[in-house]
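Scroll down for the structure; my scribbles are underneath it.
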Amino acid sequence: MTKESARKRLQDFYFLLFTFGSGLFYFCFYLVSITFALGMTVIFVGIPLLACVLRTTHTFVQYERIQTKVYTDISIEPIPTRTNSGRDKWMKAREAILNSSNWRAVFWLMQKFFIGVISLICAVILYIAPLVIIVTPILFQHLDIYLWGFAVDSWEKAICVMLAGCILVWINTRIGNSLVQIVGMYTHSMFKAIKR
1 MTKESARKRL QDFYFLLFTF GSGLFYFCFY LVSITFALGM TVIFVGIPLL
51 ACVLRTTHTF VQYERIQTKV YTDISIEPIP TRTNSGRDKW MKAREAILNS
101 SNWRAVFWLM QKFFIGVISL ICAVILYIAP LVIIVTPILF QHLDIYLWGF
151 AVDSWEKAIC VMLAGCILVW INTRIGNSLV QIVGMYTHSM FKAIKR
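For the sequence shown, full-length UniProt numbering begins at 1 and goes up steadily by one.
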């Protein structure tokens, strides 16, 4: 494996982990903050709070665009920056709450949690599991290892498992890169939906 391909594999692995981390953050942040803001609308504190939460979508969507460009080389045209009008707070809050692109952004960002869970599972299967399988000849002497329904208890079996791990590394490189491109296309689709 060349240094460039090893760097690309590591970059793809990081992107899948970042997808999980950011998806978890968006889901928790919007679920808690929107629920809290809607609950506080009874005493009118929730309306400006909800508007502030919805204004964060622009920042997070731009972050997603940059992250996608860095890790996947998929270029996405940025959403125009919002201008700060000189109207009073209640009019700005009303405008933020009634802006449908804010709600679409919340939907797409929260949905990224489920993509992040799939990305985390795939990252473990595609990048960590083959490395553990490769070191089986070292581990089988100290641990009871069972892979694919049989016990690895001899050098012959350990070497066969190690070779299978090497083949998996080669195959998983292509699968992992395709998965990263799919996640990048999700971000691209998110931008199209928000701009509508």
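Cβ atoms here follow ideal geometry from the backbone N, Cα and C, with glycine treated the same way.
What you are looking at is a predicted structure, and each value in this text was computed from that prediction instead of being measured.
A straight-line Cα-Cα distance of about 11 Å links residue 57 and residue 79. A distance below 8 Å between beta-carbons, with the five flanking residues on each side excluded, links residue 26 to the following residues of its chain, in chain order: 60, 109, 110, 112 and 113.
In terms of CA proximity to residue 13, 120 leads the group 53, 120 and 105. Here the segment 164-176 lies against the segment 130-147, with 3 or more beta-carbon pairs under 8 Å apart. Going by C-alpha positions, residue 196 is about 8 Å away from residue 101. Rounded to the nearest whole angstrom, the C-alpha separation of residue 129 and residue 16 is 15 Å. In this structure, the CA atom of residue 20 is about 7 Å from the CA atom of residue 115. The shortest CA-to-CA distance from residue 126 to any of 173, 159, 93 and 156 is the one to 173. For the pair residue 159 and residue 151, the CB atoms are not nearer than the 9 Å cut-off. The beta carbon of residue 106 is closer than 8 Å to those of 30, 34, 54 and 57 in its chain, skipping five residues each way along the sequence. As the crow flies, the alpha-carbon of residue 37 is around 25 Å from that of residue 190.
Residue 155 and residue 194 have their C-alpha atoms spaced approximately 56 Å apart.
The beta-carbon separation of residue 51 and residue 6, rounded to 47 Å, does not stay under the 8 Å limit for a contact. At a cut-off of 3 residues, not a single continuous stretch assigned as beta strand (DSSP E) sits fully inside the segment 32-73.
In the three-state DSSP reduction, residue 76 falls in the coil class, being neither helix nor strand.
In this model, residue 131 and residue 95 are separated by some 52 Å (Cα to Cα).
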